[in-house]
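S.K.: The numbering of the sequence shown is my numbering, which starts it at -2 and goes up by one.
Note that CB positions come from ideal geometry on N, CA and C, so glycine has one too.
Before anything else, here's the structure in question.
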Amino acid sequence: MNLDDYSRFDAVGLAELVRRKEVTPEELLRVAVEAIHRVNPTLNAVIETRDADAREALKQGLPDGPLRGVPFLFKDIGVHAAGVPADFGSRLTQGTVFPYDSALIARYRRAGLVLLGRTNTPEFGNNATTEPVLHGPTRNPWDMGRSPGGSSGGSAAAVAAGVVPVAHGNDGGGSLRIPASLCGIFGLKPTRGRVSLGPNVGEVICGMGVEHVLSRSVRDSAALLDATHGPEAGDPYFAPPPQRPYLEEVGRAPGRLRIALMTAAPMGGPVSPECVEAARLAARLCEELGHEVTEAAPEHDGHLLHEAITTAWSATLASLVAMASHDSGREAGPDSLESSTWAVVRQGQTLTATELQRALGIFNFVSRQVGRFFEQYDVLLSPTVATPPFPLGLLDANAPRTAREWYDHVFGHCPFTALFNVTGQPAMSVPLHWSEGGLPIGVQFAGRYADEGTLFRLASQLEQARPWAQRRPPVHVSRPA
């Protein structure tokens, strides 16, 4: 198998080749390593390749899981593999090693995935781009001078460039959907509690953080969620189980959906005309497919929501950095943390329990308002981000700013995604539009709580109507290095 052939298959397709004995896991591993060597010196998406570990896993024998033999990359935060360094994108925690797998990594292994390496992430995931001081910037395969988004930008760039068909990411304010939009791939944020965060934590960012993947195909996202959803012993809560396997939703008719179209940013601020146009064109496509589309948006105080989100993030980061400093034996400060991180940590250290509880109360109030809105509509359609892929350096986390200035700056570029981290609802970015300059612009669809099924059915219908898998960026494993 060569790189061009390899990059034409999604994960489900590669696993089927392995089951039919048309290709071996060893051959897929060889080609995936070749793919990394071809494009990673340009992209800087993969910060460590663990091919020796992968070969040893093949030697020991892979589980007979649904994705047996498929090469896989995982983001350098949110999960950890036994004996593999975890940096969290930070000099403070560089080289942290856990002696055991996180719950999600264990599930990836049981699915038969071959863990090949770690992908780049901003420091503690605290950015909408992937440009950490520790490992340097990841570049967007569609334009080397632009960002792939964040915080799952390393995984998104690797998937878009054909290194692997699917890669792990997580989402605490848009970190799956933002890079999916900027890299022209599919990214679904599952319902809160759908995938276990154990055993180290019960919830992340006051319930905003969730784990899943970035993929080129809709069915890969569904297959990975089938393989990983469900609680672990001791989880504080979990989402209601699905009616049927998510993979069975792919290709199933979604019926006539009531879709609301929202083009104004939920937390205020300008939105690029190209991003608005992408959402309107998606709305028109939905109407052509038989859905009912109405311009409408849930009512809530965007300024109050922004304040609550920044409080939750600041408190979380201050706590995380304090624990990391204790565990690593390194002092947290401007010599070990980026300027924005240190500013947010200092802000978090000043917060009181009362202020955090107030933020959680706002989360509850907004979630009730949005929940009532979804009694009238099945899906809410909007831009994913406020701008097309932006230049590297625009969200410089090491520039001197206050915590407030930092969050205003970051959320100004991605004001649509965090609302559904607050409410816990599933939401996805679908690559339906490209700018006149050839840059991808994703469109977000949010569904009711615990209703990923509707989103997968709709995404599959859109994928059939406007296929995107054949679009390949200038930096791609199938092209000469």
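Tell me which residue opens and which closes the alpha helix (DSSP H) that K56 is part of.
M.R.: Counting from one through the sequence shown, the residue named residue 56 turns up at place 59. Unbroken alpha helix (DSSP H) run through K56: D48 to Q57.
S.K.: How many angstroms separate the CA atom of R213 from the CA atom of M(-2)?
M.R.: Sequence index remark: in the sequence shown, residue 213 carries index 216 (1-based). Sequence index remark: in the sequence shown, residue -2 carries index 1 (1-based). Cα to Cα, the separation comes out at about 20 Å.
S.K.: Tell me the rounded alpha-carbon separation between N124 and R255.
M.R.: For the purposes of this step, residue 124 is taken as residue 127 along the sequence shown, with counting starting at 1. For the purposes of this step, residue 255 is taken as residue 258 along the sequence shown, with counting starting at 1. Their Cα atoms are separated by approximately 33 Å.
S.K.: Using a 10 Å radius around the Cβ and a threshold of 16 neighbouring Cβ atoms, would you call S457 buried or exposed?
M.R.: The residue you call residue 457 lines up with position 460 of the sequence shown. Buried, because 16 or more other Cβ atoms sit within 10 Å of the Cβ of S457.
S.K.: Could you check how far apart the C-beta atoms of V111 and L26 are, in whole angstroms? I think they sit under 8 Å.
M.R.: Your numbering for residue 111 matches position 114 in the sequence shown. Your numbering for residue 26 matches position 29 in the sequence shown. About 6 Å; that satisfies the 8 Å criterion.
S.K.: Can you tell me which of G169, A262, Q373 and V67 puts its alpha carbon nearest to the alpha carbon of A54?
M.R.: In the sequence shown, residue 54 corresponds to position 57, counting from 1. Of the listed residues, the one whose Cα sits closest to A54 is V67.
S.K.: May I have the straight-line CA-CA distance separating T291 from L258, to the nearest angstrom?
M.R.: Your numbering for residue 291 matches position 294 in the sequence shown. Your numbering for residue 258 matches position 261 in the sequence shown. Approximately 6 Å between the Cα atoms of the pair.
S.K.: Is it the case that the stretch 311 to 321 contacts the stretch 337 to 351, given that we only count it when at least three CB pairs across the two stretches are under 8 Å?
M.R.: The stretch 337 to 351 is in contact with the stretch 311 to 321.
S.K.: Take the Cβ of E120 as the centre, count every other Cβ of all protein chains shown within 10 Å, and call the residue buried at 16 or more, exposed below.
M.R.: Here residue 120 corresponds to residue number 123 of the sequence shown, with the count starting at 1. Buried, by the Cβ-count rule.
S.K.: Is the beta carbon of R189 less than 8 Å from the beta carbon of A224?
M.R.: Numbered from its first residue, the sequence shown carries residue 189 at position 192. Numbered from its first residue, the sequence shown carries residue 224 at position 227. No, they are not a contact pair.
S.K.: Thinking just about the alpha-carbon of each residue, which of A155, H297 and G287 is nearest to the one in A262?
M.R.: Taking the sequence shown and counting its residues from 1, one reaches residue 262 at position 265. That would be H297, whose Cα lies nearest to the Cα of A262.
S.K.: DSSP three-state label for I532, please.
M.R.: Given that the chain is displayed from residue -2 to residue 478, the structure contains no residue 532 and the question cannot be resolved.
S.K.: Along the chain, which unbroken stretches of the alpha helix (DSSP H) at least 4 residues long are found entirely within the stretch 97 to 155?
M.R.: Those alpha helix (DSSP H) runs which fall completely within the stretch 97 to 155 and span 4+ residues are 100 to 107.
S.K.: Where R398 and G439 are concerned, what is the direct C-alpha to C-alpha distance, given to the nearest angstrom?
M.R.: Looking up residue 398 in the sequence shown gives position 401. Looking up residue 439 in the sequence shown gives position 442. For R398 and G439, the distance between alpha carbons rounds to 29 Å.
S.K.: With H, G and I counted as helix, E and B as strand and the rest as coil, what does DSSP make of P470?
M.R.: What you label residue 470 is simply residue 473 of the sequence shown in a count that begins at 1. Three-state result, P470: coil.
S.K.: Rounded to whole angstroms, what's the CA-CA distance from T90 to K18? Just pull it up for me.
M.R.: By one-based count along the sequence shown, residue 90 stands at place 93. By one-based count along the sequence shown, residue 18 stands at place 21. In a straight line, the C-alpha of T90 is about 42 Å away from that of K18.
S.K.: Could you check where the beta strand (DSSP E) with F183 kicks off and where it finishes?
M.R.: What you label residue 183 is simply residue 186 of the sequence shown in a count that begins at 1. F183 to K186 is the extent of the beta strand (DSSP E) around F183.
S.K.: What are the uninterrupted segments assigned as beta strand (DSSP E) that are 3 or more residues long and contained completely in the stretch 275 to 363, given in chain order?
M.R.: Runs found: 289 to 292.
S.K.: Can you tell me where the alpha helix (DSSP H) with D168 in it begins and where it stops?
M.R.: What you label residue 168 is simply residue 171 of the sequence shown in a count that begins at 1. Looking at the DSSP string, D168 is not in any alpha helix (DSSP H); the run it does join, the beta strand (DSSP E), is V163 to D168.
S.K.: Could you pull out every residue in the same chain whose Cβ sits closer than 7 Å to the Cβ of E335, ignoring the five residues on either side in sequence?
M.R.: Sequence index remark: in the sequence shown, residue 335 carries index 338 (1-based). The residues are E120, V130, A394 and N395.
S.K.: Which word fits M425, buried or exposed, when buried means at least 16 other C-beta atoms lie within 10 angstroms of its C-beta?
M.R.: Start at 1 with the first residue of the sequence shown, and residue 425 comes out as number 428. Under this definition M425 is a buried residue.
S.K.: Quickly, what does DSSP pair E13 with across the bridge? List them, please.
M.R.: On the sequence shown, position 16 is the one that residue 13 refers to. In DSSP, E13 forms no bridge with anything.
S.K.: Would you check if the distance between the CB atom of L40 and the CB atom of A158 is smaller than 8 Å?
M.R.: To locate residue 40, count along the sequence shown from 1; it is residue 43. To locate residue 158, count along the sequence shown from 1; it is residue 161. Result yes, Cβ atoms of L40 and A158 sit closer than 8 Å.
S.K.: Closest by CA to R16, which one among G450, A32 and R65?
M.R.: Along the sequence shown, read from residue 1 onward, the residue named residue 16 stands at position 19. Answer by Cα proximity: R65.
S.K.: Please list the terminal residues of the continuous beta strand (DSSP E) segment that includes W431.
M.R.: As a first step, residue 431 must be located in the sequence shown, where it is residue number 434. A424 to W431 is the extent of the beta strand (DSSP E) around W431.
S.K.: How would you write the range of the alpha helix (DSSP H) that V30 sits in, first residue to last?
M.R.: The residue you call residue 30 lines up with position 33 of the sequence shown. Run containing V30: P22 to L40, per the alpha helix (DSSP H) assignment.
S.K.: Among H473, G434, A8 and P385, which residue has its Cα nearest to the Cα of H216?
M.R.: Locating residue 216 in the sequence shown gives position 219, counting from the first residue. According to the sequence displayed, residue 216 carries Arg and not His. With distances taken between Cα atoms, R216 lies closest to A8.
S.K.: Select from Q240, R241 and H226 the residue whose C-alpha is nearest the C-alpha of Y234.
M.R.: On the sequence shown, residue 234 is found 237 positions in, with the first residue counted as 1. Ranking the options by Cα distance to Y234, first place goes to H226.
S.K.: Under 8 Å, do R115 and F71 count as touching if we go by C-beta distance?
M.R.: Indexing the sequence shown from 1 puts residue 115 at position 118. Indexing the sequence shown from 1 puts residue 71 at position 74. Taking 8 Å as the Cβ cut-off, R115 and F71 qualify as a contacting pair.
S.K.: Using the C-alpha atoms, what's the distance from A250 back to R191?
M.R.: If you number the sequence shown from 1, residue 191 lands on position 194. If you number the sequence shown from 1, residue 250 lands on position 253. Distance between the alpha carbons of R191 and A250: 23 Å.
S.K.: Looking at C-alpha atoms only, which residue of D375, E45 and G265 is the closest neighbour of H288?
M.R.: Taking the sequence shown and counting its residues from 1, one reaches residue 288 at position 291. Taking only the C-alpha atoms, the option nearest H288 is D375.
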